[in-house]
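Visitor:
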Amino acid sequence: MNTTTYDTPQSPQASRVGALVAAADAGGPAAGLLDEDAKREIRRACLAAVCVPGYQVPFGSREMPVARGWGSGGLQVTLGVIGTDDTVKVIDQGDDAGVNATNLRRMIAQTTGCGESADTREATVVQTRHRVPEEALDDRHVLVYQVPVPEPLRGVQKSVAECARMHAEGDYSAMWVSLYEDIVRNGMITASTGYPVLVGGRYVMATSPIPRWDVPRLHQAEHLNLFGAGREKRIYAVPPHTEVRPLTFDDVPFEVEHEPGGRCKFCGSDDVYLVNAGTEGAFACSDTEWCARVQAGDADTAAHRERAPLALLPDPTARAGRRGAPALRAAAADDAPEPVRRPAAGGPEWALRVDGIGKVHGAGGAAAVPGTGPEHGTAISPSTGAVVAAWDVSFDVAPGEALGLIGESGSGKSTVLRCVIGDEPATAGRVHLASVDGGASEVLALPPAVRRRLRIDSMAVVYQDPAAGLDLRVSAGGNIAERLTAAGWRGYHAIRRRAGELLDRVEVPLSRMDDPVHTFSGGMRQRVQIAKALATEPPVLLLDEPTTGLDASVAAGVLDLLRSLLAERDVAAVVVSHDFSVIEALTDRTLVMQTGRVVERGLTDQLFHDPHHPYTQRLVAAARR
Amino acid sequence: MGYSGARGGLEAILAAEDLVRRKRDHAPAPWASTEQITARFRLAVDRVMGEAGLYDEPTAAAAFRQAEGDTLEASHLLRAQRSTLPRLAVSEPVDPDEMTVLRRIVPAFREPDGPQLLGRTSDYTGRLLERPEGPPQPPPETAAPGAAAGPAERTEAQRRPGRFLDLLRKNDLAVEGRTADDPEPYDITRKPARPPAERSAVLAAMARAESGALVALWYRSVLGPDGDVHEITLGELRHGRLPLRVRHPHTGNPVAVGEFRVTEAEAVEDLDGADEDRTRFDVGYGLCFGHNERKAIAMANLDIANRRFGRSGPLEQLLLLTIDGLDSGGFLEHLKLPHYVTFRSMVERKQAMRAAAEAGEDPPARVAEPAGKDCR
Numbered sequence: 001m002n003t004t005t006y007d008t009p010q011s012p013q014a015s016r017v018g019a020l021v022a023a024a025d026a027g028g029p030a031a032g033l034l035d036e037d038a039k040r041e042i043r044r045a046c047l048a049a050v051c052v053p054g055y056q057v058p059f060g061s062r063e064m065p066v067a068r069g070w071g072s073g074g075l076q077v078t079l080g081v082i083g084t085d086d087t088v089k090v091i092d093q094g095d096d097a098g099v100n101a102t103n104l105r106r107m108i109a110q111t112t113g114c115g116e117s118a119d120t121r122e123a124t125v126v127q128t129r130h131r132v133p134e135e136a137l138d139d140r141h142v143l144v145y146q147v148p149v150p151e152p153l154r155g156v157q158k159s160v161a162e163c164a165r166m167h168a169e170g171d172y173s174a175m176w177v178s179l180y181e182d183i184v185r186n187g188m189i190t191a192s193t194g195y196p197v198l199v200g201g202r203y204v205m206a207t208s209p210i211p212r213w214d215v216p217r218l219h220q221a222e223h224l225n226l227f228g229a230g231r232e233k234r235i236y237a238v239p240p241h242t243e244v245r246p247l248t249f250d251d252v253p254f255e256v257e258h259e260p261g262g263r264c265k266f267c268g269s270d271d272v273y274l275v276n277a278g279t280e281g282a283f284a285c286s287d288t289e290w291c292a293r294v295q296a297g298d299a300d301t302a303a304h305r306e307r308a309p310l311a312l313l314p315d316p317t318a319r320a321g322r323r324g325a326p327a328l329r330a331a332a333a334d335d336a337p338e339p340v341r342r343p344a345a346g347g348p349e350w351a352l353r354v355d356g357i358g359k360v361h362g363a364g365g366a367a368a369v370p371g372t373g374p375e376h377g378t379a380i381s382p383s384t385g386a387v388v389a390a391w392d393v394s395f396d397v398a399p400g401e402a403l404g405l406i407g408e409s410g411s412g413k414s415t416v417l418r419c420v421i422g423d424e425p426a427t428a429g430r431v432h433l434a435s436v437d438g439g440a441s442e443v444l445a446l447p448p449a450v451r452r453r454l455r456i457d458s459m460a461v462v463y464q465d466p467a468a469g470l471d472l473r474v475s476a477g478g479n480i481a482e483r484l485t486a487a488g489w490r491g492y493h494a495i496r497r498r499a500g501e502l503l504d505r506v507e508v509p510l511s512r513m514d515d516p517v518h519t520f521s522g523g524m525r526q527r528v529q530i531a532k533a534l535a536t537e538p539p540v541l542l543l544d545e546p547t548t549g550l551d552a553s554v555a556a557g558v559l560d561l562l563r564s565l566l567a568e569r570d571v572a573a574v575v576v577s578h579d580f581s582v583i584e585a586l587t588d589r590t591l592v593m594q595t596g597r598v599v600e601r602g603l604t605d606q607l608f609h610d611p612h613h614p615y616t617q618r619l620v621a622a623a624r625r
Numbered sequence: 001m002g003y004s005g006a007r008g009g010l011e012a013i014l015a016a017e018d019l020v021r022r023k024r025d026h027a028p029a030p031w032a033s034t035e036q037i038t039a040r041f042r043l044a045v046d047r048v049m050g051e052a053g054l055y056d057e058p059t060a061a062a063a064f065r066q067a068e069g070d071t072l073e074a075s076h077l078l079r080a081q082r083s084t085l086p087r088l089a090v091s092e093p094v095d096p097d098e099m100t101v102l103r104r105i106v107p108a109f110r111e112p113d114g115p116q117l118l119g120r121t122s123d124y125t126g127r128l129l130e131r132p133e134g135p136p137q138p139p140p141e142t143a144a145p146g147a148a149a150g151p152a153e154r155t156e157a158q159r160r161p162g163r164f165l166d167l168l169r170k171n172d173l174a175v176e177g178r179t180a181d182d183p184e185p186y187d188i189t190r191k192p193a194r195p196p197a198e199r200s201a202v203l204a205a206m207a208r209a210e211s212g213a214l215v216a217l218w219y220r221s222v223l224g225p226d227g228d229v230h231e232i233t234l235g236e237l238r239h240g241r242l243p244l245r246v247r248h249p250h251t252g253n254p255v256a257v258g259e260f261r262v263t264e265a266e267a268v269e270d271l272d273g274a275d276e277d278r279t280r281f282d283v284g285y286g287l288c289f290g291h292n293e294r295k296a297i298a299m300a301n302l303d304i305a306n307r308r309f310g311r312s313g314p315l316e317q318l319l320l321l322t323i324d325g326l327d328s329g330g331f332l333e334h335l336k337l338p339h340y341v342t343f344r345s346m347v348e349r350k351q352a353m354r355a356a357a358e359a360g361e362d363p364p365a366r367v368a369e370p371a372g373k374d375c376r
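Going down the list, the sequences are from chains A and B. Straight run, no breaks: the first sequence in full-length UniProt numbering ends on number 625. Straight run, no breaks: the second sequence in full-length UniProt numbering ends on number 376.
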């Protein structure tokens, strides 16, 4: 229990309680809208937010006299940081006199005793909804934003637990795919307000929503930005002198709002954020203070023009130009953001080494193993009833080599693959990748976040079911962009070139590059999945029954493709199949698995022509039929 | 300039406030006293206390009156009032077995441990509208046929009957959900709860939920796409009074400082999952302020559904983040605020797209659905 106990009536704490009780009993109008403990808690959250720019700090958001969504978060932050020697300015849509702004300013001033002003130059705390003032802000200013939706990833991920993981791991490729798809669909990025930014090179953050016009004002600002989301109970910050970059591709300019020829009908400004005034197509400053001061000649309009994001006005000629197939050429070396990982010289000869992998479904672990295997004719443990899906499977694969895992359905070959890639936890065994610490680290022991990262460019898998490796709602190019952006690619044209080249290589017509994958046939989907797996040229490629779900003629085409892809690459491949003709077409060496164990191993050619184990002979005979 | 610019906004606000006050406080009708509201709108007051998470009948009644009968608005007034007050103490854990029972039914047993006590309920009264002319006559001296002449004598055992879950346990029909470590309950008013969350956080979120939202989510779980509520046998339902104790600031001893009414429900779930004990039941728990049976029953069903399926589907996130009336209502109401800055930005993008199209770029023949859908 966090019961508060009090010592003696004379103790300072007890007298504080007495005073509080007396104040409560007096029953007069509340002195403040928040009790002091809450303000302290808010200040602590603000400090944490300043320490980790762009990170959403949870706080025990209290109910305010205004509804959730009416600035309850901004109000709490303001009440937490403001003092009697401060001067508050409140704007809604840039307007000091809007009803919401007026109401909040009245509440803040009445309950804190601070000064109030509509002049940004006099204000020390500016609470805002949807705008940054046009006037310059400096180190005297705290800008407090009211935030309805603090989570920038919600558009691409509805699970809040998954959003938290993505932030923790810096896994923002879904955001990049949504930008890529936006350009493909619309020829430009159509995100309007609340534009996502990358803060300090680390956290993707939602911008309040302020218009894009105001977003550049966050970058290397002189003032402190505090964001309060009362309903979602989050506070975050952009401290002064912090890098804030709008998310966009290197070759797709971020665009602010612009109305060609638009001017404020009151002050004539054309370098401000304009909103519609009246229904006849006229415009006016959204920042009413600035507008009035420009009219009164009390504004430094030259300095303002310097601040205005005029370099970011929309320029249709600079846009990506989404349509049509990308001009194919060998992807330039500088397209790739970082060299693809390769085993260091002097490292191990293998790219992937698997040592004693085992998987037991059910009770017992290793104790369930005795009494199972081919010599017992069962995978079911006589002692515990557990299924020993695979046990003591070891192999290594060298760069440029393809290894086959063959066996009947249920022999454990796919289980081995899933344990290696990390789709299910292994009961026993070790996995090493030459691309990870030169093979020193044991991959299965790495933290889940690190293992997930390995799938970006160290180890790729092609599943039997394309839906397992692709987002069917996303375009073929977007699926490949997912892998490329995860690996750090930030050039839209480079991504399209690379995706186009891969799709061309797997013989997907480039005219279908921008179509969602769910409109593709099974064989086409499988080709897209193969292209995605190869996108970052991973040194290890795992293929799990890559042709099993396809018609015979389509499967033959995919098989041909895989054979030439493996031949032209320096990749270490593991091919799992129940079909010896697939194994024979693709692999150099083969392990034959039966009831969870390896029963025979050797060169694929020799196994195919001269199988020793009766089980292998059966598999070969089946393939020859 | 109208409301959006609202020049002289303060005057407009004061005028709106004045209009509310006039029409509400000076309506041509007798004043509704706090006592009238607690006595005549008992269930509304209970609902407001539950959704606000603050138990005080006169305060809730005042809020209900000020809110002109809008229970959500009344809860908002209560919660904002609480934000101004310091937290002076934390109560001792409440033991629901101490409840003085006012109503108690056990649908799952014919003859449970203790009485089936209907108490004050209109469950079996025909829903026929009565439109009395003026106040009712004083009640007759003699009771209605079948009703006891006066309060029946109750024994202590009858007042504090054993609970349904204990019956199940006695018959070895309940899985053991109690853990040896008894963690501090999660305080959702101080730490925002997000998935994955402790059970106490989800229970607290449900206890404060907007009643209609909780019932709607319960019904969604029965009839909706998720199907998280399977077995809807109600074990036990109670309404009664519990003592509230805090430790005395000087002596450190627990002292009873008041009483509050709660509704408590226990609901049965038939375990059938692969990793569950399929020979036993589990019991879900619901408890909320005041007399609010729909809420307590929905909570008990959803408690167990969440423990079984919350992590594997959307239920936990729905329970933690979507059933608070102030959250959902406030977000909805904020749509009434001006949005012309953001709307202008949206219009600008539409015009940019149109300009690009007019400049000669044909729209693509086939367009995928957007990757990601924002709501802000």
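Glycine included, each C-beta is placed from N, C-alpha and C at the ideal position. Since this is a predicted model, take the numbers as computed values, not measurements.
#1: Can you give me, in chain order, the residues of the region 118–131 of chain A that have a beta carbon less than 8 Å from any beta carbon in chain B?
#2: For glycine 27 (chain A), which of helix, strand or coil comes out of DSSP?
#3: What whole-angstrom Cβ distance do proline 195 (chain B) and arginine 104 (chain B) have, given they're in contact under 8 Å?
#4: For a cutoff of 8 Å on Cβ pairs, would you count phenylalanine 608 (chain A) as touching chain B?
#5: Please list, in chain order, the chain A residues whose beta carbon lies closer than 8 Å to that of phenylalanine 331 (chain B).
#6: Assuming contact is defined by CB atoms lying nearer than 8 Å, are valine 354 (chain A) and valine 420 (chain A) in contact in what I supplied?
#7: Taking just the CA atoms, how far does glycine 60 (chain A) sit from tyrosine 180 (chain A)?
#8: For the 8 Å Cβ check, are there 3 or more pairs between the region 189–209 of chain B and the region 310–319 of chain B?
#9: With distances taken from CA atoms, which of B:Glu269, B:Ala365, B:Phe309, B:Ala62 is nearest glutamate 35 (chain B)?
#10: Could you work out which residues of chain B lie near residue 627 (chain A), taking near to mean beta carbons separated by less than 9 Å?
#11: Determine the closest residue to glutamate 501 (chain A) out of A:Glu482, A:Thr102, A:Gly477, with distance taken between C-alpha atoms.
#12: Under a Cβ-count criterion, where at least 16 other Cβ atoms within 10 Å of its own Cβ denotes burial, should proline 132 (chain B) be classed as buried or exposed?
#13: Can you check whether the C-beta of residue 439 (chain B) is within less than 8 Å of a C-beta belonging to chain A?
#14: Rounded to the nearest angstrom, how far is the Cβ of valine 360 (chain A) from that of valine 388 (chain A), given a contact under 8 Å?
#15: Between A:Asp214, A:Phe266, A:Val554, which has its C-alpha nearest valine 341 (chain B)'s C-alpha?
#16: Determine the burial state of arginine 366 (chain B): buried for a count of at least 16 other Cβ atoms within 10 Å of its Cβ, exposed for fewer.
#17: For the region 208–296 of chain B, list the beta strand (DSSP E) runs that are entirely contained and at least 3 residues long, ordered along the chain.
#18: Nearest to alanine 45 (chain A) by alpha carbon, out of A:Gly94, A:Ser192, A:Phe227?
#19: Please go through the same chain and pick out, in chain order, the residues whose beta-carbon is closer than 7 Å to the beta-carbon of asparagine 2 (chain A), but skip the five residues on each side of it.
#20: Please determine, among B:Ile37, B:Val215, B:Asp275, B:Arg349, the residue with the shortest C-alpha to C-alpha distance to glutamine 66 (chain B).
#21: Taking Cβ positions, are threonine 242 (chain A) and aspartate 96 (chain A) nearer each other than 8 Å?
#22: So, for serine 91 (chain B): in the same chain, excluding its five sequence neighbours on each side, which residues have a beta-carbon less than 8 Å away from its beta-carbon?
#23: Less than 8 Å between C-beta atoms, sequence neighbours within five positions excluded: which residues of the same chain meet that for threonine 604 (chain A)?
#24: Give a yes or no on contact between the region 257–266 of chain B and the region 123–131 of chain B, applying the rule of three or more CB pairs nearer than 8 Å.
#25: From the beta carbon of glycine 27 (chain A), is the nearest beta carbon of chain B less than 8 Å away?
#26: At a Cβ threshold of 8 Å, is glutamate 141 (chain B) touching chain A?
#27: Is valine 90 (chain A) close to chain B? Criterion is C-beta to C-beta, closer than 8 Å.
#28: Is the distance from the Cβ of glycine 69 (chain A) to the Cβ of aspartate 374 (chain B) below 8 Å?
#29: Could you tell me which chain A residues have their CB closer than 7 Å to the CB of alanine 80 (chain B), listed as they occur along the chain?
#30: Taking the beta carbon of glutamine 127 (chain A) as the centre, do at least 16 other beta carbons fall within 10 Å, making it buried, or is it exposed?
#31: Over the uninterrupted alpha helix (DSSP H) stretch that includes lysine 350 (chain B), give me the two end residues.
#32: Indicate the three-state DSSP secondary structure (helix, strand or coil) for tyrosine 463 (chain A) in the structure shown.
#33: Considering only the alpha carbon of each residue, which of A:Val184, A:Gly170, A:Val90 lies closest to histidine 141 (chain A)?
#34: How long is the line joining the alpha carbons of isoleucine 82 (chain A) and glutamine 76 (chain A), rounded to whole angstroms?
#35: Tell me, please, whether the CB atom of glycine 9 (chain B) is closer than 8 Å to any CB atom in chain A?
#36: Taking contact to mean 3 or more Cβ pairs, one atom from each stretch, closer than 8 Å, check whether the region 91–101 of chain B and the region 216–233 of chain B are in contact.
Guide: With the structure as the only source:
#1: With the criterion set as a beta carbon lying under 8 Å from some beta carbon of chain B, the members of the region 118–131 of chain A are Arg129, His130, Arg131, in sequence order.
#2: Residue confidence is low: glycine 27 (chain A) scores 49 on pLDDT, short of 50, so the model does not pin down where it sits. Its coordinate-derived value is still stated next. Glycine 27 (chain A) falls in the coil class under three-state DSSP.
#3: Here proline 195 (chain B) is actually not in contact with arginine 104 (chain B); their C-beta atoms are around 34 Å apart, not less than 8 Å.
#4: Closer than 8 Å: no.
#5: Result: Arg68, Gly69, Pro148, Arg231.
#6: In this structure, valine 354 (chain A) lies near valine 420 (chain A), with their beta-carbon atoms less than 8 Å apart.
#7: Distance from the CA of tyrosine 180 (chain A) to the CA of glycine 60 (chain A), rounded to the nearest whole angstrom, comes to 37 Å.
#8: The region 189–209 of chain B vs the region 310–319 of chain B: in contact.
#9: Checked all of B:Glu269, B:Ala365, B:Phe309, B:Ala62; the closest Cα to glutamate 35 (chain B) is B:Ala62.
#10: Outside the shown range of chain A (1 to 625) lies residue 627 (chain A), about which nothing can therefore be said.
#11: Comparing Cα-Cα distances from glutamate 501 (chain A) to each of A:Glu482, A:Thr102, A:Gly477, the minimum goes to A:Gly477.
#12: Proline 132 (chain B) comes out exposed.
#13: Because chain B is modelled from 1 through 376, residue 439 (chain B) falls outside the range shown and cannot be assessed.
#14: With 8 Å as the limit, valine 360 (chain A) and valine 388 (chain A) qualify as a contact, their Cβ atoms being about 5 Å apart.
#15: Considering only alpha carbons, the answer is A:Asp214.
#16: Taking a 10 Å sphere around the C-beta of arginine 366 (chain B), we find fewer than 16 other C-beta atoms and assign the residue as exposed.
#17: Positions of the beta strand (DSSP E) runs, each at least 3 residues long and wholly inside the region 208–296 of chain B, are given as 233–247, 254–270, 281–289 in order along the chain.
#18: In this structure, A:Phe227 is the residue among A:Gly94, A:Ser192, A:Phe227 with its C-alpha nearest to the C-alpha of alanine 45 (chain A).
#19: Here asparagine 2 (chain A) scores only 42 on pLDDT, less than 50, and its place in the model is too uncertain to base an answer on.
#20: For the residues B:Ile37, B:Val215, B:Asp275, B:Arg349, the minimum Cα distance to glutamine 66 (chain B) belongs to B:Ile37.
#21: No, the Cβ-Cβ distance between threonine 242 (chain A) and aspartate 96 (chain A) is not below 8 Å.
#22: Taken in chain order, the residues that qualify are Leu244, Arg245, Val246.
#23: If you ignore the 5 residues before and after threonine 604 (chain A), its C-beta comes within less than 8 Å of the C-beta of Gly404, Ile583, Glu584, Thr587, Asp588, Arg589, Thr590, all in its own chain and listed in chain order.
#24: The region 257–266 of chain B, when compared against the region 123–131 of chain B, does not touch it at the 8 Å Cβ threshold.
#25: Below a pLDDT of 50, predicted positions are generally treated as unreliable, and glycine 27 (chain A), at 49, falls in that range; the measurement from the model is reported next regardless. No, its Cβ sits nowhere closer than 8 Å to a Cβ of chain B.
#26: So, not an interface residue.
#27: False, the Cβ-Cβ gap to chain B never drops below 8 Å.
#28: No, they are not a contact pair.
#29: Ordered by position in chain A, the residues that pass the 7 Å Cβ test against alanine 80 (chain B) are Glu63, Met64, Pro65.
#30: Burial state of glutamine 127 (chain A) is buried, judged by a 10 Å Cβ sphere holding 16 or more other Cβ atoms.
#31: Lysine 350 (chain B) -> alpha helix (DSSP H) spans 340–358.
#32: Tyrosine 463 (chain A): coil per DSSP, three-state reduction.
#33: Distances from the alpha-carbon of histidine 141 (chain A) to those of A:Val184, A:Gly170, A:Val90 put A:Val90 closest.
#34: If you take the alpha carbons of isoleucine 82 (chain A) and glutamine 76 (chain A), they lie about 10 Å apart.
#35: True, the Cβ-Cβ gap to chain A drops below 8 Å.
#36: No, they do not touch.
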